[in-house]
Amino acid sequence: MEKPQLPPKPDDWKPEQHFTDVDLPDKIHLLRSEDVQDLLTKYSDKLQQFILRFHSCESIKEDAANEKEKLNQLLEEFKDLDCRRQRVAKSLGEYKVLETQYITKWQELHHLMSTVFSNNALTRQLQSDLHDLEEKSHNVNKKSQLDIDEFLDTYVKLRTNYHLQREKLETWTKFNSLANESK
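Here the sequence shown is numbered in our numbering, starting from 897 and rising by one per residue.
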């Protein structure tokens, strides 16, 4: 069967407006078809504007999704930052322990310096050494069992050390008195 030949279209002919190019809302199926047809014919321009408002909601949804993604990234960064904060807090605790140990050692050293190596302590030590050498040289005199060479050798060494210590003590005492005068 052949198709019938149609008459030519008139020049002022416009196709019927089928509203297929108009996006409809998602819930349009809830309306009756007569109501939808009525709305499409009478209020097509207002319906178009109404629908366009929903299209702007799509951009808002996209913006919200983008913001949600940004917030998730921030959450991950905060988690990483919290891990770093915990590591720094642990390091800080270790540092505080080391600082306390350092202060304790410094105080011990200061105490040792002031008691063992102070001017007075060194003077007392020199005096004590001098006294010990004096006693040893007197004890060598009292011992009669030593032969004369051994006695002389020991006695000369002790007396030499005694005089060296005495010179050290005198020099130390003079130095301290000069240092005290210059203050």
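Just so it is clear, CB atoms sit at the ideal spot from N, CA and C, and this is done for glycine as well.
Given that a residue counts as buried once 16 or more other Cβ atoms are within 10 Å of its Cβ, and exposed if not, what is residue i?
{"i": "glutamine 1061", "result": "buried"}
{"i": "leucine 1005", "result": "exposed"}
{"i": "leucine 1054", "result": "buried"}
Would you verify that the beta carbon of residue i is, or is not, closer than 8 Å to some beta carbon of chain C?
{"i": "leucine 970", "result": "The structure shown contains no chain C; it holds only a single protein chain."}
Got a sec, what are the start and stop residues for the alpha helix (DSSP H) residue i sits in?
{"i": "lysine 899", "result": "First-last for lysine 899: undefined, no H or E at that position."}
{"i": "lysine 1053", "result": "1044-1078"}
{"i": "lysine 1032", "result": "1015-1038"}
{"i": "leucine 936", "result": "929-938"}
With distances taken between CB atoms, is the gap from residue i to residue j smaller than 8 Å?
{"i": "glutamate 1030", "j": "tyrosine 1051", "result": "no"}
{"i": "tryptophan 1068", "j": "leucine 994", "result": "no"}
{"i": "asparagine 1015", "j": "asparagine 1072", "result": "yes"}
Three or more C-beta pairs under 8 Å: does that hold for the stretch 1053-1068 against the stretch 1023-1033?
yes
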